[in-house]
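For the sequence shown, this note's numbering gives the first residue as 49, with consecutive numbering after it.
Yeah, the Cβ is synthetic: ideal placement off N, Cα and C, and Gly gets one too.
Quick notes on the structure that follows.
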Amino acid sequence: MRQKLPAQTPVYLFLGFLESGKTKFIQETLEDPRFSSGEKTLLLVMEEGEEEYESIRFAEAENVSLAVIDDKALLTEAYLTQLQTECGAERVVVEYNGMWLLEDFFNAMPEGWMINQMMTFFDSATFLNYNANMRQLVFDKIQSTQLVVFNRFDDEEKKMEFHKVVRGITRQCDIVYEHSDGKADFDDIEDPLPYDINAPVITVEDRDYAFFYRDLTENLEAYLGKTVKFKGIVATDKRLEPTDIVVGRHVMTCCADDIQYCGLACVLPAVMELKTRDWISVTAKVELLKHRIYKGKGPVLVAEKVIVCEPPEEQLATFY
49 MRQKLPAQTP VYLFLGFLES GKTKFIQETL EDPRFSSGEK TLLLVMEEGE EEYESIRFAE
109 AENVSLAVID DKALLTEAYL TQLQTECGAE RVVVEYNGMW LLEDFFNAMP EGWMINQMMT
169 FFDSATFLNY NANMRQLVFD KIQSTQLVVF NRFDDEEKKM EFHKVVRGIT RQCDIVYEHS
229 DGKADFDDIE DPLPYDINAP VITVEDRDYA FFYRDLTENL EAYLGKTVKF KGIVATDKRL
289 EPTDIVVGRH VMTCCADDIQ YCGLACVLPA VMELKTRDWI SVTAKVELLK HRIYKGKGPV
349 LVAEKVIVCE PPEEQLATFY
């Protein structure tokens, strides 16, 4: 029987590769009576490993409908809507296929579906191998997640290496190391920025631009009203004001196929004869202003000093 859909549907999204611990965690979650209070749940299984679900052990098994999507061609808004409508689900739990990009799921999400929680799981024994050989997929599963869990973590000497991989992608998520004996500990390693954010002028070295751009966009309030200095490449557009440019760097976030220009709006102190691909050294105050390139408010560099300069030795910015 088809049922009316709720206006908003919370989605619990669990990411990771095969045998990373996703199924076990979801099983334990659905067994926990604290997670359920009568809501009808749609459990979408998009990757089947050795461990299978024991629905009879769910706290409210009668309220859980399980559907397997083992073909990415089925990952469509129409099909997901159909599955939800048929069972009248008020929330959705997703075990996502580790070999599929998140964009495929986000593009297929029906109207009203909202990510309520996102967690990523890795098997510690295979994590570094996946990162070396499938970097884009690892990056994809970490960049937006709220929590990264390393299961079966028993080599303390690898903690810093794992930490650096995650923090090279995002500083926003928590990291948990779960040991084979069931004990778990949170990552408490501090990540100082490679520049002094409290200096009168925040000087960003050439190799640190990727960290600067990410931290500024994630923690904008910490930079507002402060003066920054860095070297960047200019982008111009005739639709902008004569004193407006964009300045930034090309950043490789995960691999050679994922290079993008990460720039910021910049208001020059006066009209200058600058053209796209010119390199400049800019000293500017960071302000939150309405600007055309953001289609609203965003970080704007109000330049105090601009000097045309030579490009850095390494023109591509990376997270080391």
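Residue pairing by DSSP puts E226 in a beta bridge opposite A232. Beta-bridge partners of N155 (DSSP): none assigned. Non-local C-beta neighbours of T124 in its own chain, meaning closer than 6 Å and more than five positions away in sequence, comprise A156, ordered along the chain. With 16 or more neighbouring CB atoms inside 10 Å of its own CB, M166 falls in the buried class. Restricting attention to beta strand (DSSP E) runs no shorter than 3 residues, the stretch 63-113 encloses them at 89-93, ordered along the chain. Boundaries for V196: no alpha helix (DSSP H) harbours it, while the beta strand (DSSP E) harbouring it runs L195 to N199, taken from the DSSP string. DSSP places E352 inside the beta strand (DSSP E), whose first and last residues are G344 to V356.
Per DSSP, Q56 lies in no alpha helix (DSSP H) and is assigned neither H nor E. K279 and C357 do touch by the CB rule: their CB atoms are close to 6 Å apart, below 8 Å. When secondary structure is reduced to three states using DSSP, N164 falls in the strand class. Under the DSSP assignment, V276 falls in the beta strand (DSSP E) whose first and last residues are T275 to A283. Using a 10 angstroms sphere on the CB of S84, the tally of other CB atoms reaches 16 or more, which defines it as buried. Looking from the CA of K353, the closest CA among P317, A365, G346 and F367 belongs to P317. Excluding sequence positions up to five before and after K120, its CB lies within less than 8 Å of the CB of N145, W148 and D152, all in the same chain and listed in chain order. Out of M162, R219 and T331, the CA that lies nearest to the CA of D236 is found in R219. With a beta-carbon spacing of about 4 Å, G311 and V294 fall inside the 8 Å limit used to define contacts. A365 and V299 do touch by the CB rule: their CB atoms are close to 5 Å apart, below 8 Å. Excluding its 5 nearest sequence neighbours in each direction, L63 has C-beta neighbours in its own chain below 6 Å: Y144, T168 and K189, listed in chain order. Annotated as distal: G97 and T133, with beta-carbon spacing of 8 Å or more.
Contact between D239 and P360 is ruled out by a C-beta separation of about 24 Å, above the 8 Å threshold.
Put simply, the backbone Cα of P58 is about 30 Å away from that of H227.
Classified as exposed, L268 has fewer than 16 neighbouring CB atoms from the shown chains inside 10 Å of its CB. For the pair E79 and A107, the CB atoms are nearer than the 8 Å cut-off.
Y309: member of the beta strand (DSSP E) spanning I307 to V315, first to last residue. Of the residues E204, I223, N199 and E205, the one whose Cα lies closest to the Cα of Q191 is I223. For V295, the secondary structure class from DSSP, reduced to helix, strand or coil, is strand. Rounded to whole angstroms, the gap between the alpha carbons of M162 and E76 is 23 Å.
Judged by DSSP secondary structure, E134 falls within the alpha helix (DSSP H) whose first and last residues are E125 to C135.
Partner residues in the beta bridge of R139, as assigned by DSSP, are T89. If the five residues before and after F187 are omitted, its C-beta is found closer than 7 Å to the C-beta atoms of I217, T301 and C302, all from its own chain and listed in chain order. Of the candidates E209, R200 and E205, E209 places its Cα closest to the Cα of N179.
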